[in-house]
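Written out below as structure tokens is the structure these notes cover.
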Amino acid sequence: MEVRGFQKIIDAQRKLIAERFEKIKHKIVIMSGKGGVGKSFFAANISVALADLNRKVCVFDADFHGPDIPKILGVRGKSIYAGPKGIEPVMTGYGVKVISLDLMVTDSEAPIIWRGPLKITAIRQLLAEVNWGELDYFVIDLPPGTGDEPLSIAQEVPNLDGIILVTIPSEVSLLDVKRAAGFAKKLNIPIIGIVENMSYYKCPVCGHVEYPFGKSGGEILARKLGVELLGRIPLDPRINEANDKGEPYVKMFSNSETTREIFKIARKIISRLEGS
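Numbering (numbering that gives the first Met the number 0), first residue to last: 0 to 275.
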């Protein structure tokens with residue numbers, strides 16, 4: 000009886016998820032095989048770029064143990080509230096909605112010590128109870144790896160458009176991204192493409208280019224997987240400055256080479272998913 004009652008709750012949540020996601024045109028997962036490759040930086044800034052290109056965007060920070068999106072987008076410390084249509088996302092000053100566990104806990108510095116079943120339940124509940132509204136793009140920032148959170152998103156979000164894999168050119172990162180690509184293949188989720196972050200460093204004085212993490216790794220992996228290399232984002236020390244300040248890099252340094260590359264990737268995503 001208890002099991003049947005629990006299943007009824009899950010079925011009701013999935014029905015509500017399906018209804019809410021009918022109003023969302025495109026759902027993109029941002030994923031990497033390992034931490035430290037700038038995945039959340041990319042998820043936050045590609046969301047702002049898409050919003051700047053006149054798309055309605057919400058980013059769901061599904062990294063429960065290291066939720067960085069609110070800090071990067073300048074909404075950390077803000078509170079969410081429940082309205083008549085459900086939990087309302089926080090709106091940034093850049094036209095992007097945000098939902099993150101970081102916005103729901105009273106002590107944002109306390110560690111989230113949850114086992115898998117609790118995380119799975121929380122993801123399903125958030126997908127069902129948040130009033131996402133009408134969106135062009137629903138961007139999901141996943142934690143590193145291929146564990147509970149990625150699997151739950153893959154199973155619970157209807158009609159995912161695909162996964163964008165974020166890597167750096169190092170061999171260790173590329174190995175982990177291959178595992179993430181295998182995850183996508185096993186679950187029949189399309190890979191939209193690969194983004195090579197920290198691709199190179201260009202001296203702002205003399206223009207000399209260095210490749211601190213290796214060269215062309217993302218391009219080689221994209222060819223092996225038969226997917227598109229969406230772009231190469233340069234290494235820029237000012238990324239940390241923007242992240243720490245809580246202002247999107249693409250706004251704070253709008254004329255930089257890094258920003259131009261992120262907008263180029265955003266236009267590729269739009270062309271790929273909207274056919275324009």
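Where is the CB? At the ideal position from N, CA and C, for every residue including glycine.
Keep in mind it's a predicted model, so treat the numbers as computed, not measured.
Does PRO236 pass the burial test, meaning 16 or more other C-beta atoms within 10 Å, or should it be called exposed?
exposed
Cα-Cα separation between PRO247 and PHE59, rounded to whole angstroms:
16 Å
Inter-residue spacing [alpha-carbon to alpha-carbon] between ARG259 and ASP160
24 Å
Classify ILE29 as helix, strand or coil using the three-state DSSP reduction.
strand
Tell me whether MET0 sits in a helix, a strand or coil according to DSSP, three-state version.
Its pLDDT being 48, under 50, MET0 is placed unreliably in this model, and the value from its coordinates should be taken loosely. Correct three-state label for MET0: coil.
Per DSSP, which residues does GLY161 bridge with? Please list them.
ILE27
How long is the line joining the alpha carbons of SER198 and SER39, rounded to whole angstroms?
16 Å
Note the first and the last residue of the continuous beta strand (DSSP E) segment covering TYR248.
Counting along the chain, TYR248 falls outside any beta strand (DSSP E), though it belongs to the alpha helix (DSSP H) covering 248 to 251.
How is the alpha helix (DSSP H) around ARG271 delimited, first residue to last?
256 to 273
Helix, strand or coil for GLU155? Go by DSSP, reduced to three states.
helix
SER99 - containing alpha helix (DSSP H), residue span
Counting along the chain, SER99 falls outside any alpha helix (DSSP H), though it belongs to the beta strand (DSSP E) covering 95 to 99.
GLU18 burial status per 10 Å Cβ neighbour count (16 or more: buried)
exposed
Measuring CA to CA, which of LYS177, VAL95, SER99 is closest to GLY76?
SER99
Can you tell me whether PRO211 is buried or exposed? The criterion is at least 16 other CB atoms within 10 Å of its CB, across all chains shown.
exposed
Assigned secondary structure, ARG231 (DSSP; H/G/I helix, E/B strand, else coil)
strand
Which value, in whole angstroms, describes the spacing of the CA atoms of ALA221 and ILE27?
18 Å
Can you name the start and end residues of the beta strand (DSSP E) that ILE45 belongs to?
Run containing ILE45: none in the beta strand (DSSP E); it sits in the alpha helix (DSSP H), 38 to 51.
Can you name the residues that DSSP bridges to MET90?
LYS96
By Cβ distance below 8 Å, which residues in the same chain neighbour GLU148 in space, the five residues on each side in sequence not counted?
ALA61, ASP62, PHE63, LYS118, ILE122, LEU141, PRO142
Run through DSSP, which three-state label would ASP60 get?
strand
Look at the alpha carbon of ASP280 and the alpha carbon of GLY245, and state the distance between them as a whole number of angstroms.
With the chain covering 0 to 275 only, the question about residue 280 has no answer from this structure.
Beta-ladder partner(s) of TYR199, from DSSP:
Bridge partners of TYR199: none, in fact.
Per the DSSP calculation, ILE190 is bridged to which residue(s)?
ILE162
Beta-carbon proximity list for THR91, same chain, < 7 Å, skipping 5 on both sides:
LEU72, GLY73, VAL74, VAL97
Short of 6 Å in beta carbon distance, which residues of its chain neighbour TYR136, apart from the five on each side in sequence? Order them along the chain.
HIS25, LEU49, ARG54, VAL56
Which class does ILE68 belong to by DSSP, given the choice of helix, strand or coil?
helix
Can you give the Cα-Cα distance for MET103 and VAL138, rounded to whole angstroms?
19 Å
Taking 8 Å as the limit between beta carbons, can you name the residues of its chain near TYR80, skipping five residues before and five after?
ILE86, GLU87
What do you get for GLY206, buried or exposed, if any count of 16 or more other CB atoms within 10 angstroms of its CB means buried?
exposed
So which of LEU15, GLN6, PRO168 has the shortest CA-CA distance to PRO157?
LEU15
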